[in-house]
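Heads up, the thing below is written out as structure tokens.
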Amino acid sequence: MYDFHNIQPRDMPDTDYLPAEAMTIDGVTIERVIPEYQTLNVTGRELIGNTLGTLKVGTQDGERLQSRSRPAREITVKYQIDAPNTQRFREIYYQLNEILNGENKKISFADDPDKYFIGTLSDVDTPEGGKLSVVSSFTFTCFDPYAYAAKEDKFTFSDRLTSKQIDFSFKDKVAGKSNPVAHAIYKGFTTGDGASQSPKYYKQELTQLEYSRLNANDGALVSSDVLNNFESRLDNFKTTWNYNGSLDTAKIENGMLKVTGWYADNSSTWRKNTYIIITSEDWTVEFGRVKVELVDRPDVHNARPEIIGSSKSGFVGEIPYREEMGNQNLRVIFRYTDDPAGNGNYSDWTSLIYAHNLYKYQAPHLLVKFDLVAAMEQVEPGFWGKNNMVGIVERVNWLKNNVKSASFKLFGYGIYDARSYYLGVQVWKPVGGWDSTLAHSQSKPAQIEVAYKDATSLFEHVDENGCIYIDMYSKVSQIESNVLLDYLQGSLLVTMPVSNSLNIINNGTQPVPIRFELVNHGDNGFLAISNQKQAYLFGNPSSPDGVSSQKSEMIVTTDQNNDHGLRQWTINDGVLNDWNAYPAQQGRFEDPAVIREKRWRLRNALPYAEGWGTGTGGDGSGWHGPSASITFPTGKNIKNFTARFYAQFLFGNMSTLGLQQFNIWSTGRELIASVQLWKWVDGHGSVKVRIGNHWAYIDEYNPRWDNFFGQIVIQRSGNTYTVTIENIEGSGPKTKQVVSYTDAESASKLAGGMTYWKAINGGESSIAMNNDLYDFWLRKDNVESYTNIPNLLKEGDKLTVNMNDFKVTSTLNGASALKYQDIGSRPIMAKPGNNIVTFNYSGFADRPDVVAYIRRKYL
Numbered sequence: 010m011y012d013f014h015n016i017q018p019r020d021m022p023d024t025d026y027l028p029a030e031a032m033t034i035d036g037v038t039i040e041r042v043i044p045e046y047q048t049l050n051v052t053g054r055e056l057i058g059n060t061l062g063t064l065k066v067g068t069q070d071g072e073r074l075q076s077r078s079r080p081a082r083e084i085t086v087k088y089q090i091d092a093p094n095t096q097r098f099r100e101i102y103y104q105l106n107e108i109l110n111g112e113n114k115k116i117s118f119a120d121d122p123d124k125y126f127i128g129t130l131s132d133v134d135t136p137e138g139g140k141l142s143v144v145s146s147f148t149f150t151c152f153d154p155y156a157y158a159a160k161e162d163k164f165t166f167s168d169r170l171t172s173k174q175i176d177f178s179f180k181d182k183v184a185g186k187s188n189p190v191a192h193a194i195y196k197g198f199t200t201g202d203g204a205s206q207s208p209k210y211y212k213q214e215l216t217q218l219e220y221s222r223l224n225a226n227d228g229a230l231v232s233s234d235v236l237n238n239f240e241s242r243l244d245n246f247k248t249t250w251n252y253n254g255s256l257d258t259a260k261i262e263n264g265m266l267k268v269t270g271w272y273a274d275n276s277s278t279w280r281k282n283t284y285i286i287i288t289s290e291d292w293t294v295e296f297g298r299v300k301v302e303l304v305d306r307p308d309v310h311n312a313r314p315e316i317i318g319s320s321k322s323g324f325v326g327e328i329p330y331r332e333e334m335g336n337q338n339l340r341v342i343f344r345y346t347d348d349p350a351g352n353g354n355y356s357d358w359t360s361l362i363y364a365h366n367l368y369k370y371q372a373p374h375l376l377v378k379f380d381l382v383a384a385m386e387q388v389e390p391g392f393w394g395k396n397n398m399v400g401i402v403e404r405v406n407w408l409k410n411n412v413k414s415a416s417f418k419l420f421g422y423g424i425y426d427a428r429s430y431y432l433g434v435q436v437w438k439p440v441g442g443w444d445s446t447l448a449h450s451q452s453k454p455a456q457i458e459v460a461y462k463d464a465t466s467l468f469e470h471v472d473e474n475g476c477i478y479i480d481m482y483s484k485v486s487q488i489e490s491n492v493l494l495d496y497l498q499g500s501l502l503v504t505m506p507v508s509n510s511l512n513i514i515n516n517g518t519q520p521v522p523i524r525f526e527l528v529n530h531g532d533n534g535f536l537a538i539s540n541q542k543q544a545y546l547f548g549n550p551s552s553p554d555g556v557s558s559q560k561s562e563m564i565v566t567t568d569q570n571n572d573h574g575l576r577q578w579t580i581n582d583g584v585l586n587d588w589n590a591y592p593a594q595q596g597r598f599e600d601p602a603v604i605r606e607k608r609w610r611l612r613n614a615l616p617y618a619e620g621w622g623t624g625t626g627g628d629g630s631g632w633h634g635p636s637a638s639i640t641f642p643t644g645k646n647i648k649n650f651t652a653r654f655y656a657q658f659l660f661g662n663m664s665t666l667g668l669q670q671f672n673i674w675s676t677g678r679e680l681i682a683s684v685q686l687w688k689w690v691d692g693h694g695s696v697k698v699r700i701g702n703h704w705a706y707i708d709e710y711n712p713r714w715d716n717f718f719g720q721i722v723i724q725r726s727g728n729t730y731t732v733t734i735e736n737i738e739g740s741g742p743k744t745k746q747v748v749s750y751t752d753a754e755s756a757s758k759l760a761g762g763m764t765y766w767k768a769i770n771g772g773e774s775s776i777a778m779n780n781d782l783y784d785f786w787l788r789k790d791n792v793e794s795y796t797n798i799p800n801l802l803k804e805g806d807k808l809t810v811n812m813n814d815f816k817v818t819s820t821l822n823g824a825s826a827l828k829y830q831d832i833g834s835r836p837i838m839a840k841p842g843n844n845i846v847t848f849n850y851s852g853f854a855d856r857p858d859v860v861a862y863i864r865r866k867y868l
């Protein structure tokens with residue numbers, strides 16, 4: 010009889026001596042409980058392929074892909090056992106069987122301890138008999154092929170209304186890209202000292218190697234990159250076309266660009282007119298031309314005697330040098346032609362003058378662009394999305410209202426005339442040009458700081474896109490002139506907002522569902538969670554804080570009497586959600602009194618231009634089509650309302666396209682709420698919901714919106730909007746989506762009217778979908794006078810929302826609460842990277858405490 014040994018650790022060597030791939034199963038590391046066991050290697054954690062479903066049609070070449078999925082993963086462990094005797098040998102296998110067997114075991118490895126797989130033992134290799142030292146293997150099948158993080162990542166609100174210093178630099182800058190760092194630096198030259206050209210004059214951006222030198226204040230310098238020597242020889246220039254010519258010199262004197270060189274060509278015997286022409290490098294802009302008399306070049310004749318006229322082939326001339334010629338490569342053309350004006354039948358030789366070839370006559374510049382809007386995102390990833398600020402105007406205005414001070418530090422120096430030092434700095438003012446000069450004369454990098462004590466003084470120097478431009482330069486020199494930059498840093502002192510959003514950062518490689526724990530504050534009718542793709546709703550957004558003391562009133566219903574035609578509607582004078590390419594209200598609807606359909610609708614089955622108008626884009630593109638609007642009666646003071654549109658969004662084949670908007674606007678004709686259905690050629694349907702100045706929901710190119718025929722309901726109660734989009738008659742999926750969003754700014758505006766707009770983008774009506782409006786009504790919901798009543802959620806209630814890839818479940822104070830969860834709720838997924846998740850609640854409640862959890866997932 011053998012003595013039994015349990016699986017508690019015994020005589021285990023220190024962790025440092027564990028094999029690199031030592032296996033832990035449900036918290037038990039095998040080597041710790043069986044010292045005689047050692048993991049040799051592990052396979053199956055590497056790449057995993059796909060299981061493909063295909064279809065072969067007729068005699069076609071190849072097959073069609075119908076489906077793709079990940080197969081189960083098999084992880085095989087090769088191990089060695091060295092037992093001291095036969096009794097211990099048997100004990101070891103009893104222990105192994107106890108450790109390995111069972112379903113859905115949690116498996117991890119010493120070389121990746123913070124991740125685990127879920128697997129079940131599926132296969133074992135039988136070790137060689139008659140030995141106490143054996144090598145064998147076993148296999149676990151992971152029916153879920155993914156690895157998971159051992160610990161969940163946790164996210165919660167950390168904001169309070171406080172000031173924060175936002176420090177940003179060029180660290181991690183990628184040349185030519187605006188992500189992850191949008192700031193940029195450009196090189197250039199001007200003919201005089203000081204800042205004289207606008208920022209758009211500078212076009213040559215630093216290279217990646219040069220940007221890498223700006224990561225720290227460490228003495229690794231970026232140069233304005235002029236030549237140390239000006240050599241008047243062919244190597245200095247780039248020649249093209251042929252080798253029968255040369256550009257010998259190029260210089261700037263007294264405002265003139267002077268060039269000398271030669272070009273020998275046999276056609277000079279009959280092409281008697283000779284010109285020097287200066288253009289841009291790509292030939293598209295001509296800066297000037299001058300007719301010249303050829304000069305003697307005996308040196309050319311000695312070298313090229315076979316060319317007729319080579320002895321008199323010298324070109325010498327000058328043209329006025331203008332600032333627009335600066336900071337770029339110039340093309341020099343030597344021309345023989347039969348035309349006195351320099352055109353006609355001609356033969357050319359051409360060369361390039363690089364900008365730095367003229368360094369003796371120009372001052373070097375480094376133009377620094379700091380993007381303040383991008384700086385917020387650089388330091389606070391997801392900042393703008395988390396705070397529901399979409400457009401550049403909205404973001405710049407927020408900075409104007411919340412920046413308290415700013416500074417920009419530049420470490421560098423300038424050199425000219427070999428041993429003279431000067432670095433000048435000026436800041437661009439969009440209105441007024443360059444500001445006054447800051448300078449130093451140090452012979453090594455020294456700091457120049459541009460500081461602003463308040464937002465007013467800062468934003469005198471910030472353009473409409475939120476960028477500030479700083480010009481660094483030295484002086485014109487006859488020997489050498491250069492600007493050398495070591496490091497730059499910008500700082501903004503900002504009053505940070507209190508947000509209803511969280512930025513959930515998924516550092517895994519796969520999308521994962523988010524789990525939420527919320528603690529309610531105040532009397533509250535609902536809690537909603539959304540990420541513009543998926544949404545979750547608990548409770549009723551229309552739950553008031555009290556009982557209405559007035560009755561609701563129907564304000565508008567559709568007049569569906571065909572005899573009345575279109576007299577209820579104002580055509581092509583609506584309020585649009587303008588976030589589309591070249592939106593235009595054009596074309597017309599057919600008169601119901603003429604077409605007299607049994608089921609009333611607004612349709613425009615007319616010739617293209619008559620029914621749809623034409624695109625207003627530069628190439629005739631853009632969304633265009635007729636709109637129909639109703640202005641609500643004056644004096645109704647419509648604060649809370651329910652509006653219902655009923656429309657079709659159908660297509661016969663994927664090649665069609667179309668767009669519809671269902672809009673409510675204020676008495677001042679400002680957009681309050683908009684639902685847009687749209688589809689592009691060969692794409693699936695899309696939905697976008699905008700509340701005031703914010704996107705509340707976006708779900709694009711998703712088959713769940715294909716062939717929709719149903720209702721769009723927009724409801725406002727207090728500061729909260731609830732939008733319901735439901736397919737009722739359409740042949741597509743019976744989708745029902747509920748979106749809740751709180752926006753006090755737009756909710757403060759009284760409803761004044763509605764607009765329905767249908768549009769296409771293209772040159773023919775055959776591409777249009779079947780998009781028509783069948784019905785509309787708006788009801789005023791009077792809830793301003795009320796008696797307080799209890800709501801679903803009380804102070805301190807704890808709501809837990811568990812989500813997986815397929816379903817959502819809710820518990821309230823530990824008990825199941827599915828009956829309060831909206832049927833259209835979907836799991837909120839965190840894709841790899843930043844994920845902005847927004848929380849909404851009744852306007853009379855306070856923001857809940859929120860803790861969000863994700864478990865990273867890897868393949």
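Taking our numbering, the leading residue of the sequence shown gets 10, the next gets one more, and so forth. Where a beta carbon is used, it is the ideal one built from N, C-alpha and C, also for glycine. Given the structure is predicted, the values throughout are model-derived calculations rather than measurements.
Closest by CA to residue i, which one among the options?
| i | options | result |
| --- | --- | --- |
| S452 | V459, D444 and S483 | S483 |
| Y892 | H703, K378 and T465 | The chain is shown only over 10 to 868; residue 892 falls outside these bounds and no answer can be derived. |
| G323 | N338, L339, N354 and G254 | G254 |
| R428 | Q487, V405, K462 and W393 | Q487 |
| T150 | L56, F177, D121 and E83 | E83 |
| L668 | L527, H633 and S819 | H633 |
| V231 | A824, M398, Y461 and L376 | L376 |
| W786 | A312, F671, I401 and N50 | F671 |
| N662 | D715, R610 and T625 | D715 |
| D869 | Q371, G297 and Q456 | It is not possible to answer for residue 869, since the shown part of the chain is limited to 10 through 868. |
| N711 | A705, H703 and K697 | K697 |
| S414 | R404, S466 and V382 | S466 |
| I175 | Y765, L501 and S277 | L501 |
| F420 | L408, A460, L497 and I776 | L497 |
| F658 | K607, W704, N570 and W766 | W766 |
Rounded to whole angstroms, how far is the Cβ of residue i from the Cβ of residue j, which I believe are closer than 8 Å?
| i | j | result |
| --- | --- | --- |
| F198 | P373 | 6 Å |
| I580 | P635 | 6 Å |
| D274 | S356 | 5 Å |
| S619 | G701 | Here residue 619 turns out to be Glu, not Ser, going by the sequence shown. Not confirmed; about 35 Å, so no contact. |
| I401 | V436 | Actually they do not touch by this definition, with Cβ atoms about 21 Å apart. |
| S142 | I90 | 7 Å |
Under a three-way DSSP split, which group does residue i fall into?
| i | result |
| --- | --- |
| F149 | strand |
| R856 | strand |
| L236 | Bear in mind that a pLDDT of 37 at L236, under 50, signals an unreliable position, so the model cannot answer this. |
| T24 | The predicted position of T24 is uncertain, since its pLDDT is 48 and thus under 50; no value can be drawn from it. |
| R865 | coil |
| Q720 | strand |
| F118 | strand |
| S734 | A small fix is needed here, since residue 734 is Ile in this sequence, not Ser. Strand. |
| H703 | strand |
| M334 | helix |
| Y11 | Bear in mind that a pLDDT of 32 at Y11, under 50, signals an unreliable position, so the model cannot answer this. |
From the DSSP output, which residues share a beta bridge with residue i?
| i | result |
| --- | --- |
| D784 | Y655 |
| H633 | A593 and I769 |
| T33 | T38 and S117 |
| R298 | I286 |
- Item | beta strand (DSSP E) runs wholly inside the region 499 to 551, at least 3 long, in chain order | 510 to 515, 524 to 530, 535 to 539 and 544 to 548
- What alpha helix (DSSP H) runs, 4 residues minimum, are completely inside the region 394 to 455? 401 to 411
- Contained beta strand (DSSP E) runs [length at least 3] in the region 33 to 113, N- to C-terminal order: Residue ranges of uninterrupted beta strand (DSSP E) with 3 or more members, entirely inside the region 33 to 113 and ordered along the chain, are 46 to 52, 60 to 64, 73 to 78 and 82 to 91.
- Just list the beta strand (DSSP E) runs in the region 658 to 692, keeping only unbroken ones of 3 residues or longer that don't cross its boundaries, in chain order. 667 to 675 and 680 to 688
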